[in-house]
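K.L.:
For reference, each letter of the sequence shown is one residue, going 1 to 484 in our numbering.
Don't be surprised by glycine CBs; every beta carbon is placed ideally from N, CA and C.
This structure is a prediction, so every number in the text was calculated from the model and none was measured.
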Amino acid sequence: MREVTYEDLMNNVRGYIEEDKSLEIISKAFECAKKLHEGQKRQSGEDYIVHPLSVAFILSEMKADSDTICAALLHDTIEDTKMTKEKISVEFNPTIATLVDGVTKISKMNFSSREEQVATNTRKIITSLDEDVRIVIIKLADRLHNMRTLEYKSEFKQKENAVETMEIFVPLAYYLGAYQIKSELEDLSLYYLKPDIYTSIENNIEAIKHDAEGVIRKMLEDIGNILTDNNIPFEHKERIKSIYGLYKQMSKGKKIMDVHDLLAIKIMVDDVKSCYLALGLIHSVYPPINNKFKDYIASPKTNMYHSLHTTVFGLEDYLVQMQIRTYNMEKINNYGLTAYWDLHKHDADATMQKDLKTHFQFFKSIAELNTMTTDNCEFVSMVKKELFDQVIHVYTTKGDIIELPNGSTPIDFAYKLHTDIGNTMIGAVVNDEPVSIDYILRNKDRVKILTDPLSFGLRLEWQDKAKTMRAKRLIRDFNRKIGR
Ligand code: MN
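(1) Helix, strand or coil for Val13? Go by DSSP, reduced to three states.
(2) Express the C-alpha separation of Met62 and Ala339 in angstroms, rounding to a whole number.
(3) Does any heavy atom of the ligand MN sit closer than 6 Å to the C-beta of Cys76?
(4) Any heavy atom of the ligand MN within a distance shorter than 6 Å of the CB on Asp229?
(5) Excluding the 5 residues preceding and the 5 following Ser183 in the sequence, name in chain order all residues of the same chain whose CB lies nearer than 6 Å to its CB.
(6) When you compare only the Cα positions, how much space is there between Ser112 and Glu91?
(7) Below 6 Å CB to CB, which residues in the same chain sit around Asn110 once its five sequence neighbours on both sides are set aside?
(8) Should Leu460 and Asn479 be called a contact, given that it needs their Cβ atoms to be closer than 7 Å?
(9) Please classify Ala350 as buried or exposed, where buried requires at least 16 neighbouring CB atoms within 10 angstroms.
(10) Does the beta-carbon of Asp289 have 16 or more other beta-carbons within 10 angstroms, so that it is buried, or is it exposed?
(11) Return the CA-CA distance between Tyr305 and Leu188, expressed in angstroms with no decimal places.
(12) Measure the beta-carbon distance from Leu193 to Ala173 and round it to whole angstroms, keeping in mind my assumption that it falls under 8 Å.
(13) Could you tell me if the beta carbon of Asp47 falls within a distance shorter than 6 Å of some heavy atom in the ligand MN?
(14) In this structure, does DSSP put Met268 in helix, strand or coil?
(15) Which residues mark the beginning and the end of the alpha helix (DSSP H) in which Thr451 is found?
(16) Tell me the DSSP secondary structure of Leu454 in three-state form.
(17) Taking 6 Å as the cut-off, is the C-beta of Asp477 nearer than that to any heavy atom in the ligand MN?
(18) Taking 7 Å as the limit between beta carbons, can you name the residues of its chain near Gln463, skipping five residues before and five after?
(19) Verify whether the separation of the beta carbon atoms of Glu403 and Val391 is less than 7 Å.
(20) Is DSSP giving Pro287 helix, strand or coil here?
(21) Helix, strand or coil for Lys465, going by three-state DSSP, please let me know.
(22) Can you give me the start and stop residues for the beta strand (DSSP E) that Ala428 sits inside?
(23) Just the Cα atoms here: how many angstroms apart are Ile324 and Leu262?
(24) Applying the criterion that 16 or more other CB atoms from any shown protein chain within 10 Å of the CB defines a buried residue, is Glu206 buried or exposed?
(25) Cβ-heavy atom distance between Asp80 and the ligand MN below 6 Å?
(26) Hey, is Asp485 close to the ligand MN, as in C-beta under 6 Å from one of its heavy atoms?
(27) Reducing DSSP to helix, strand and coil, say where Gln40 ends up.
(28) What residues in its chain sit with their C-beta under 8 Å from that of Thr165, if we drop five residues either side in the sequence?
(29) So, for Arg484: in the same chain, excluding its five sequence neighbours on each side, which residues have a beta-carbon less than 7 Å away from its beta-carbon?
(30) For a test of the three-state rule: what should DSSP assign to Gln390, helix, strand or coil?
(31) Starting from Met485, follow its DSSP beta bridges and name the residues at the other end.
(32) Taking Ala428 and Lys448 to be in contact with their CB atoms under 8 Å, please state how far apart those CB atoms are, rounded to whole angstroms.
(33) Using DSSP with H/G/I as helix, E/B as strand and the rest coil, what is Asp435?
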């Protein structure tokens, strides 16, 4: 990969930032960082400035605001040079200073340091979401560039970094909806953790791409004709499942050709109505596999992913997934919260922070876990267990989607909805069948909690039937309060 230059960065930035003042401050940040890192080299032998420049470049592809770009350019200056937070605040502005300081506080983690050190840093990453989500986004870009240039590190370091990336940064990117970053981080991690498997899947994918080329072209032609005949303007993209995505399916025992979303065609249209019209038209040409249809427009994923998914019987026995969405959904689906830079030009940072707190369930869960313990190791292990490990999604009776850790019971669900619902719970109904209170919920269950305002509340022993820290804690608090 060619080194990113200052001109590359500015070319990107000029594409979406017009104000001279913003462009000037970016060039000033670059000059400043270049001078401060003068003489420092990366392990690859490159001048150090290439790293902050590349991080800024990654962010400029997401159309990041000028404060974020400046902070990316300066992100290693407090830690590695004589620069201070106060000086950045005076010479640039207080926002840039806060961002750089936030990134610095999440100091370079490595497993050779003590467990407590790792836990402390991880907690800082997660809690800086609350301060300014842009700190975490810069950190993700920083990690992405480090993973892209991992070849210069020792094999031990490579594996160590890859494990840490999978444990912390991939889930964060997923929760923020930044699929593009998530997917690249997963593939890079797999490349260093299981090089043989990576290469064999990569070769397989190349072969399938080659074989399916004609089929996809013909299907696109048919679909294009019927959409055009019905006056639905559209654009399309082809996508093949990522190497890591396939690895995950295959490690569940699936054969490559049985993966129903191996090949996908994305169709982008102007509005929601056209999504459903396009869906109907496509089904009229290529019949769907009935149980593979998903409406993530009416019920979006908890990280704001919106799309219609349907897998159809394509030509020559190929299964092809169709992903139908509007142009704006496409932006959110690829870039998650960071798409706001593009979609909400002038108040992007405020809107990001507000929506993170209101629309992203994981944020509320992290904030709750954060209040439950002061012990960093315990906090990190709870976050990993309850949020970063496998989670399930179940429905309320109104059709809202609730995210819970794998192994949750109706008790966890009740307390997740509201403390009062948990405290007055007398039973649960799942998919119209009464279930016991310690029934283990499964993905897509429809859950109804039966309550009675006169109930005596959940007994202390029921703590053990709950999975989440929150439910356990609330049951204990309730019983303490009524003196039981
Ligand atoms: Mn860095």
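P.N.:
This is what the structure holds:
(1) Counted from its first residue, the sequence shown places residue 13 at position 13. If DSSP states are grouped into helix, strand and coil, Val13 belongs with the helices.
(2) Position 339 of the sequence shown, counted from the start, is the residue given in the question as residue 339. Position 62 of the sequence shown, counted from the start, is the residue given in the question as residue 62. Near 7 Å, if we compare the C-alpha coordinates of Met62 and Ala339.
(3) What you label residue 76 is simply residue 76 of the sequence shown in a count that begins at 1. It is Asp, not Cys, that sits at residue 76 in the sequence shown. Asp76: yes, Cβ under 6 Å from the ligand MN.
(4) Mapped onto the sequence shown, residue 229 falls at position 229. No, the Cβ of Asp229 stays beyond 6 Å of every heavy atom of the ligand MN.
(5) For the purposes of this step, residue 183 is identified with residue 183 of the sequence shown, where counting begins at 1. Contacts found: Ser242.
(6) Here residue 112 refers to the residue found at position 112 of the sequence shown. Here residue 91 refers to the residue found at position 91 of the sequence shown. Because the pLDDT at Ser112 is just 49, under 50, the model does not fix this residue reliably, and the value given afterwards should be weighed accordingly. Whole-angstrom Cα-Cα distance: 36 Å.
(7) Within the sequence shown, the letter at position 110 stands for residue 110. The pLDDT assigned to Asn110 is 49, lower than 50, so where the model puts this residue is not dependable, and the model offers no usable value.
(8) Sequence index remark: in the sequence shown, residue 460 carries index 460 (1-based). Sequence index remark: in the sequence shown, residue 479 carries index 479 (1-based). Yes, the pair counts as a contact, with Cβ atoms nearer than the cut-off.
(9) Locating residue 350 in the sequence shown gives position 350, counting from the first residue. By the neighbour-count rule (16 or more Cβ atoms within 10 Å), Ala350 is not buried but exposed.
(10) For the purposes of this step, residue 289 is identified with residue 289 of the sequence shown, where counting begins at 1. Per the sequence shown, residue 289 should be read as Ile rather than Asp. Label assigned to Ile289: exposed.
(11) Counting from one through the sequence shown, the residue named residue 305 turns up at place 305. Counting from one through the sequence shown, the residue named residue 188 turns up at place 188. Cα to Cα, the separation comes out at about 23 Å.
(12) In the sequence shown, the residue the question calls residue 193 occupies position 193. In the sequence shown, the residue the question calls residue 173 occupies position 173. Actually they are not in contact, since the Cβ atoms of Leu193 and Ala173 sit about 17 Å apart, beyond 8 Å.
(13) Within the sequence shown, residue 47 is the residue found at index 47, counting from 1. Result no, Cβ not under 6 Å from the ligand MN.
(14) As a first step, residue 268 is located in the sequence shown; it is residue number 268 there, counting from the start. Residue state, collapsed to three classes: strand.
(15) In the sequence shown, counting from the first residue as 1, residue 451 sits at position 451. Unbroken run through Thr451 is the beta strand (DSSP E), 447-451; no alpha helix (DSSP H).
(16) On the sequence shown, position 454 is the one that residue 454 refers to. Three-state result, Leu454: coil.
(17) If you number the sequence shown from 1, residue 477 lands on position 477. No - the ligand MN has no heavy atom lying nearer than 6 Å to the Cβ of Asp477.
(18) In the sequence shown, the residue the question calls residue 463 occupies position 463. So the qualifying residues of the chain are Lys472, Ile475, Arg476.
(19) The residue labelled residue 403 in the question sits at position 403 within the sequence shown. The residue labelled residue 391 in the question sits at position 391 within the sequence shown. For Glu403 and Val391, yes; Cβs fall inside 7 Å.
(20) By 1-based counting over the sequence shown, the position of residue 287 is 287. Residue state, collapsed to three classes: coil.
(21) Taking the sequence shown and counting its residues from 1, one reaches residue 465 at position 465. Lys465: helix per DSSP, three-state reduction.
(22) Start at 1 with the first residue of the sequence shown, and residue 428 comes out as number 428. 425-430 is the span of the beta strand (DSSP E), which, as asked, contains Ala428.
(23) As a position in the sequence shown, residue 324 is number 324, starting the count at 1. As a position in the sequence shown, residue 262 is number 262, starting the count at 1. Roughly 16 Å separates the two Cα atoms.
(24) Residue 206 sits at position 206 when you count from the first residue of the sequence shown. So Glu206 counts as exposed.
(25) By 1-based counting over the sequence shown, the position of residue 80 is 80. No.
(26) Look at the range of the chain in this structure, 1 to 484, and you will see that residue 485 is not part of it.
(27) Your numbering for residue 40 matches position 40 in the sequence shown. Coil, per DSSP.
(28) Position 165 of the sequence shown holds residue 165. These residues qualify, in order along the chain: Arg143, Met147, Leu185, Leu188, Ser189.
(29) Stepping through the sequence shown from its first residue, residue 484 is reached at position 484. Hits under 7 Å: Leu460.
(30) What you label residue 390 is simply residue 390 of the sequence shown in a count that begins at 1. In the structure shown, Gln390 sits in coil (DSSP, three-state: anything other than H, G, I, E or B).
(31) Given that the chain is displayed from residue 1 to residue 484, the structure contains no residue 485 and the question cannot be resolved.
(32) Position 428 of the sequence shown holds residue 428. Position 448 of the sequence shown holds residue 448. The Cβ separation is near 7 Å, so the contact holds.
(33) Translated into the one-based positions of the sequence shown, residue 435 becomes position 435. A quick correction: the sequence has Val, not Asp, at residue 435. Correct three-state label for Val435: strand.
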